[in-house]
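Report on one structure; see the data block that follows.
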Amino acid sequence: MNILTHYIQLFNGIAPSINKKIEISIKEISQLLYCTDRNSNLVIAKLVEQGWIDWLPGRGRGNRSRIVFRKNPTNLVIQRCKEFVKAGEIKEARKMISEHEGDVDSLRKQFDQWFESLFGFHVESVEEEKVDLLRLKVQFNLLASLDPLHAHLRSECHIVKQVCDTLVRYNKQTREIEPHLAFYWEHDQECKNWSFFLRKGIRFHNGETLTAHDVVYSLIRVKRTDNAYKWMMKTMSSIKAINEGEVAISFSKPYPFLLQILCDERLSIVPDGFDIETLLIGTGPFYLSQLNEFVIQLNAHSHYFKGRPYLDVVELWNVEEGRQDDDKPHDVRFGLLQKEEETSDRKQSRVLEWNVQYLTLNCKKTGPLQSIKLRQALTIMLDRQKLISELGGPREEIAHGFLRDSLKFEIVSQSVQQLLAESGYNGEVLHLYTFTDEDHQEDVTWIQQQCGKYGVHIESHYVEATELLQAETLEKADILHDSASLDEEIERNFLHIILARNSFIFCHMREEMKLYMEKSLDHLFEADSEEVRLTILKEIEKKLLDVCQVIPLYRNQARVHSDSMVQEATLNAQGWLDFYHIWFRRDRGVKS
């Protein structure tokens, strides 16, 4: 038992208030602490040493000792919890609150108020300089992969975008590919041989200058390392540095789609010889200054070639209040804003995420889902509008597919009961796997109840992201519940969903579906028309929906609440804040 616990026991057993002399014997103290007189004397000595009590021992037979409590137990517990938090030990702080909230008045309320005050915008003094800091609560595994080539979850991709840059960038306003690290490019008539010319003077966060050798190293990693995104550079036949500022890339087939591919954060440029065992290094607007299971800290890159960010520091704290393994940062708040409506000192912006919650049905696994009749029955019994209405929250609208203007389901005319009878389903348990976060559990519980009404038995399995991405998990799952991230670059992101080796949809495809896709995509990669490419993608999506391998569910609405001092607090299509453009007015009562 620690000394703080002893103090609380004594205080609650003896003291009506602090700073008041109380007569007591060692024997009485031993009874309160459930220990020997010898141990009681040791405890008293430690408490005196801490300055928490004054102790005047009684002299002679019958003379009682006197004790004065100098510290409020609530303040002591709160102070210790603050020390835990500052050391990155939020679990320990919350454990201590739970242990003592029954003994100390208003303990949890005071701690929660202090803890909430840490988040939002602050101006802090660091080495006599004022630092503009944004601190946000998140609920995902901060130690997930920050190697660009292995980024899978939205959180990972978002951090990579803050730290790294790509050769070119997609402008969502103009819908054009724009220069970025490369200021110019050219290609032959067939789009098989490309040359990229790099800006001068761009520096990595470690101070080294970006050269063509870094680009070669970064892109060739796609071919030479084990990763889920090899499809992006599958036909690359050679890449070389012509000089310090020029890179030549050749492909075995025409590849007019290359520019869209090079916008992908997984093809971010890292230093030649980059080792993910160290902190990620890029050329982006922020650099990683701290990374552990508790916090990611991003500091402004003062020499960023596009202009320094206004924010000096961004901190993401993993508060672990219900893990969100697919890391949906819905309802991001700045400070202690409790109301949703806009007022003179607060405002709210919303974005309908192009992020589709869906189910994928394992068409490869031997079992009842081999029957398309059962898969069709599931698409009918899962009324998505009913799901949205009954569960509410950020669930905003039905998703008819992944692409914009996706066609609606062509619901078969047969009844659920008739389809089930023709499917041969005989009450077998279907195993549904998903992440552990709360909204996934809500969805799955609803799905179980709906299916149960028709006699279809669903057993749920909630697992961490690392386990869910394991091949054996994907193989034994009959159904997987996931969300697919699609932002403004809809073509490339849909290709990830159907081609990435760790995509749940890809892992549940039958071989004939993969062969069909491969033939279709040969034409897509050689097409220089967006209209042609989208037509091909819509045909693939329709095929997936027609065979009922995928059941799209809904799209979410993300919200950001901010004080009026906050400027440019915008959300991207995946519901994440754009750290680079945020700024705020210091004269509006910023916390410090």
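full-length UniProt numbering puts the first residue of the sequence shown at 1, with every later residue one more than the last. For glycine and all other residues, C-beta sits at the position ideal for the given N, C-alpha and C. Computed from a predicted model, the values in this text were never measured in an experiment.
Exposed or buried, what is residue 593 when buried is set at 16 or more other beta-carbons lying within 10 Å of its beta-carbon?
Since the first and last residues shown for the chain are 1 and 592, residue 593 lies out of range.
Is there contact between the stretch 354 to 367 and the stretch 505 to 514, where contact requires at least three CB pairs shorter than 8 Å?
With a cut-off of 8 Å, the stretch 505 to 514 and the stretch 354 to 367 count as touching, because enough Cβ pairs lie within range.
Do L291 and V314 have their C-beta atoms closer together than 7 Å?
No, Cβ-Cβ distance for L291 and V314 is not below 7 Å.
Any chance you could list the beta strand (DSSP E) runs of at least 3 consecutive residues sitting entirely within the stretch 39 to 73, in chain order?
Counting only runs of 3 or more, we get 53 to 56 and 65 to 69.
Report the residue from S237, D214, R59 and K161 whose alpha carbon sits nearest the alpha carbon of S193.
In the sequence on display, residue 193 carries Asn and not Ser. Measuring from the Cα of N193, the nearest candidate turns out to be S237.
Considering only C-alpha positions, which residue in the set N318, L403 and L486 is nearest to K538?
Among N318, L403 and L486, the Cα nearest to that of K538 belongs to L403.
I29 and S40 - do their beta-carbons sit closer together than 7 Å?
Yes, the Cβ-Cβ distance between S40 and I29 is below 7 Å.
Relative to the alpha-carbon of H158, which residue among L521, F286 and Y7 has its alpha-carbon at the smallest distance?
Closest option to H158, Cα to Cα, is F286.
If you run the structure through DSSP and keep just helix, strand and coil, what is E293?
Note: E293 maps to coil in three-state DSSP.
Does the count of Cβ pairs from the stretch 426 to 446 and the stretch 457 to 475 closer than 8 Å reach three?
Enough Cβ pairs lie closer than 8 Å, so yes.
Please work out which residues of its chain come closer than 7 Å, Cβ to Cβ, to Q441, disregarding the five sequence neighbours upstream and downstream, and give them in chain order.
Excluding sequence neighbours, Q441 sits near Y462.
Is the Cβ of L4 closer than 7 Å to any Cβ of chain D?
Looking for chain D here will not work: only one protein chain is present.
Report the three-state DSSP secondary structure of D325 (helix, strand or coil).
With a pLDDT of 43 at D325, under the threshold of 50, the modelled position of this residue cannot be trusted; read the value that follows with caution. In this structure, D325 counts as coil in the three-state DSSP scheme.
Throw me the rounded Cβ distance for the R492 and D264 pair, which I believe falls under 8 Å.
The pair is a contact, with the Cβ atoms about 6 Å apart (cut-off 8 Å).
Report the rounded CA-to-CA distance for K86 versus Y310, giving the unit in angstroms.
Roughly 25 Å separates the two Cα atoms.
According to DSSP, simplified to helix, strand and coil, what is Q450?
Helix.
Of the choices E422, I249, I261 and K230, whose alpha-carbon is the least far from that of P177?
The identity of residue 177 in the sequence shown is Ile, whereas the question assumes Pro. If we check each option's Cα against that of I177, I261 comes out closest.
Taking DSSP as the reference, what is the three-state secondary structure of S423?
Residue state, collapsed to three classes: helix.
Determine, using beta-carbon pairs with one atom in the stretch 392 to 403 and one in the stretch 534 to 554, whether at least three such pairs fall under 8 Å.
The stretch 392 to 403 is in contact with the stretch 534 to 554.
Grouping DSSP H, G and I as helix and E and B as strand, with all else coil, what is G13?
Helix at G13.
What residue does the alpha helix (DSSP H) around E186 start on, and which one ends it?
Counting along the chain, E186 falls outside any alpha helix (DSSP H), though it belongs to the beta strand (DSSP E) covering A182 to H187.
Helix, strand or coil for L577? Go by DSSP, reduced to three states.
L577 falls in the strand class under three-state DSSP.
Helix, strand or coil for T343, going by three-state DSSP, please let me know.
Residue placement at T343 is poorly supported in this model, since its pLDDT is 47, which falls under 50; the coordinates are not used for a value here.
So the candidates are Y34, D528 and M513; which of them puts its Cα closest to the Cα of K542?
Nearest of Y34, D528 and M513 to K542, Cα basis: M513.
Can you tell me whether T473 is helix, strand or coil according to DSSP?
Looking at T473 - three-state DSSP - the assignment turns out to be helix.
For P57, is the classification buried or exposed, using 16 other Cβ atoms within 10 angstroms of its Cβ as the cut-off for buried?
Classification for P57: exposed.
Measuring only the C-alpha atoms, how far is I296 from Q418?
Near 53 Å, if we compare the C-alpha coordinates of Q418 and I296.
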